[in-house]
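Single-structure report; data block below.
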Amino acid sequence: MSGNRRTFRTSQLISPFGPGAIVDIGEESLIMNGTDQWPSKLERIELKRLTEATGVFHLKKAPPVFRDSHDGLWASRFPAWLFCSRCRKLEYRKASDEAVNADGVPVCKNAACKNRTLVPMRFVAACNHGHLQDIPWDKWAHKKSGGTCTEGSDSRAQLYFESKSGEGSGLDALKVTCRNPGCGSSQSLGSIMAPGSLPGSCLGKQPYEYRETFTPCNETLRVLQRGASNLYYGIIKSALDIPVSSSSETGPLIEKIKQNSEYEDLIEAERRNKAKRAEVIASEIAETLGTDKESVLKAIRGKNTEKREFKIPRDEDIRKAEWQILTSADPASFSWPLFKARVQQQPSGSPSELRKLIKQVVLIDKLREVRAFCGFERIKPDGNIIAATTTRDERKWLPATEVFGEGIFIEFSSTQIRDWEDRNHGQLTARLENIKAKHASLNSLYLPQPSAKFIALHTFAHILIRQLTFESGYSASSLRERIYAFDEDQAGIMIYTADGDSEGSLGGLVQQGEYHRLYAAIESAVETAQWCSNDPVCSEAETQGVMEMNKAACHSCSLISETGCEYNNLLLDRALLTGNDEGLEGLLSPVAATQEDVK
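As numbered in our numbering, the sequence shown has no gaps in its residue numbers, which increase by one up to the final residue, 682.
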């Protein structure tokens, strides 16, 4: 870790580059450090629904401008093993080495290489507990001699990462060699991906943790490529800023207290049972509010904030209030500065099959979304959440970002969807059996239950986003989805765009939500989804994608930008929309059939 500066967008500090994520910047590879290494003074983001849902006191945003070495966010070089692409010499880069070059970019010390930038090794090691570390390449090279150099000198000093085209293909052609005089140990990478292949044990930590001691970890290390999609799953929970009340509020006084700059200090004193300190702070707050300290303490203790504990909220709990407003008869009647919505009146000449399936379309002219980073997982999302902070103290705040924009909300007829599920019960049960079994093997807080309704609506959101990118002028990475399919009567999706500008976007997406444009886009999306350039491989796949959680869905037909999908492009199957040759009727098969009749 050094004071050298690297830059990227503030919005990326939650996703995809939250704490614990590996970031490629130019030719360098870095890992984002924990939030305990963030600056102490950060701007708060207010959204009561989300702080209460996550059990924290505050949400805070990353600093928008890097002014000095104390202002930015820290990252550590990872992997620390680098090599020169010209002479192939390996170098282990310690944190103390970062100040050698003015710009912090490591270069080869061999004069013949003329300051060529060192390249990070592409393999790293992780365990099922989510720990991450460098592969000990010195021990790998000397694996046959017990992990130490037979010359007795520094086993790291003369390591080379060699490529020998005449000695096989793939990883077999790569090897790490020790060129210490009298040693010459060498080990191919051909077996490095095999379970238990690495010498040594898991260090039980993250690369940016610098404590002297760590909890021992007995998990077997696994070798992964640095850019592997299963190396990092950020847990992001978001909520829309909508006009809802919270049952946990005790009155207007607590709201005034929370706006005071000493509120957090008061909560901390209460939590640590420092009664005298709490009384002093309460007196100061009471004076500014024109009340007495007893009223302040009563309001605080009435909320039991000292017992607030961090938790990962369920999407269905956060979205229940949103669903109630979005599906109301008149969303425009809700007065809220950052939420403006109106119902589209469905014209009588709309396509009959779509008119039966779509109950209501709501155009959202203005919205604000707050996204909080709750932690991350590695290798597989099994509920083993790694905190954004490396301290063992209670998590009192979460990093967050707020975005503004516009959207289209589509409410489907839950009756029509239930009828479709009933008609195809046997087919749907058989088709989703493998995905449900995979999901059941995980204790996942990352993925919802894979019901036929959820997968169908999720896939529909994807194909519609892909179609709208051609028609709305927005790029694929700027459109996002929000799925409402958790309760029995919930069946809806939101497609929206959002950025950091409080003015939001320019209305192009809302314009696409007008019925004549929206229905045309849906019909085009359905027609496109009936065939994939990877068919029949895609359509006939038993499972595919990360953790084999998709059916007929690949990059050519259904996947979207990772910033646009809430669920890492998992739980997708276009056959649930368009049907297949095995007798499954798709949810949108009647729409496709109508198109065929027109042709």
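Every residue gets a Cβ at the ideal spot worked out from N, C-alpha and C, and that includes glycine.
Beta-bridge pairing of residue i - partner residues as DSSP gives them
i: D107; result: S112
i: K634; result: None; K634 has no bridge partner.
i: E485; result: V453
i: C196; result: C196 is not bridged to any residue.
i: H141; result: W480
i: K308; result: Note on residue identity: the sequence assigns Gln, not Lys, to residue 308. Answer by DSSP bridge pairing, in chain order: F206.
i: C261; result: L242
Through-space distance from residue j to residue i, alpha-carbon basis
i: A612; j: S433; result: 21 Å
i: L304; j: P282; result: 9 Å
i: F100; j: V106; result: 7 Å
i: Y346; j: P146; result: 22 Å
i: A483; j: V426; result: 30 Å
i: D151; j: P122; result: Residue confidence for D151 is low, a pLDDT of 48 falling below 50, so the modelled location carries little weight; the figure read from the coordinates is stated next. Approximately 11 Å, taken between the alpha carbons.
i: L77; j: L173; result: The first residue shown for the chain is 84 and the last is 682, placing residue 77 beyond what the model contains.
i: I538; j: R657; result: 9 Å
i: R600; j: Q550; result: 11 Å
i: Q308; j: S168; result: 18 Å
i: E135; j: T200; result: 47 Å
i: D375; j: I337; result: 13 Å
i: K634; j: V188; result: 43 Å
i: L671; j: E645; result: 25 Å
i: R160; j: D413; result: 53 Å
i: E631; j: K521; result: 8 Å
i: T93; j: S248; result: 43 Å
i: T410; j: F422; result: 14 Å
i: K131; j: N467; result: 26 Å
i: Y650; j: P531; result: 9 Å
i: Y316; j: Q120; result: 21 Å
i: S616; j: H638; result: 10 Å
i: I368; j: R89; result: 41 Å
i: K359; j: G138; result: 26 Å
i: N387; j: R402; result: Caution is warranted here: a pLDDT of 46 is assigned to N387, below 50, making its placement in the model unreliable, and the coordinate value is therefore given only provisionally. Rounded to the nearest angstrom, the two C-alpha atoms are 25 Å apart.
i: S416; j: I447; result: 13 Å
i: L642; j: E460; result: 22 Å
i: V259; j: T473; result: 33 Å
i: E665; j: R563; result: 32 Å
Nearest residue (CA-CA) to residue i, options the options
i: I45; options: A483, L540, V207; result: No answer is possible for residue 45: it lies beyond the span of the chain, which begins at 84 and ends at 682.
i: I576; options: D448, Q428, V444; result: V444
i: I408; options: E353, N526, V259, L323; result: L323
i: D237; options: P264, G596, A636, A369; result: P264
i: F456; options: R89, T90, I97, R92; result: I97
i: E69; options: A675, G373, R565, Y579; result: The chain is shown only over 84 to 682; residue 69 falls outside these bounds and no answer can be derived.
i: P464; options: I319, F553, A158; result: I319
i: R239; options: D618, I218, E292; result: I218
i: P162; options: F244, L142, H141, F206; result: F206
i: E436; options: S248, S366, R563, I605; result: I605
i: F553; options: Q429, L133, Q595, G279; result: Q595
i: R127; options: K288, W480, A675; result: W480
i: V262; options: V379, V609, A178, C232; result: In the sequence as displayed, the identity of residue 262 is Arg instead of Val. Of the candidates V379, V609, A178, C232, the one whose C-alpha sits nearest the C-alpha of R262 is C232.
i: E129; options: K143, G117, N116, T118; result: K143
i: S271; options: G310, S284, K227; result: K227
i: V609; options: S378, A209, P673; result: P673
i: P278; options: K288, C266, S268, V306; result: V306
i: A559; options: F569, I578, D570; result: I578
Own chain residues within Cβ distance below 7 Å of residue i, not counting five before or after
i: Q573; result: W406, Y567
i: L440; result: F495, S496, Q499
i: N684; result: Residue 684 is absent from the model: the chain starts at 84 and stops at 682.
i: T371; result: N343
i: E442; result: Residue identity differs from the one stated: residue 442 is Lys in this sequence, not Glu. Result list for K442: E494, F495, S496, in chain order.
i: V190; result: N184, N198, R199, T200, L201
i: G669; result: A658, L659, L660, T661, G662
i: S561; result: T580
Residues of its chain near residue i, where Cβ-Cβ distance is below 6 Å and the 5 sequence neighbours each way are ignored
i: E452; result: S321, L323, V486, A581
i: K357; result: none
i: C170; result: N193, C196
i: L592; result: E489, S555, T580
i: K339; result: L372
i: P203; result: S112, P162, L165
i: L286; result: Q216
i: L254; result: L272, G273
Close Cβ partners of residue i (< 8 Å) along its chain, the five nearest in sequence each way excluded
i: L667; result: N507, Q510, L511, R514, A658, L659
i: I364; result: E345, D348, L349, A352
i: C621; result: C615, Q627, A635, A636, C637, S639, C640
Can at least three beta-carbon pairs, one atom from the region 542-559 and one from the region 514-526, be found at a separation below 8 Å? no
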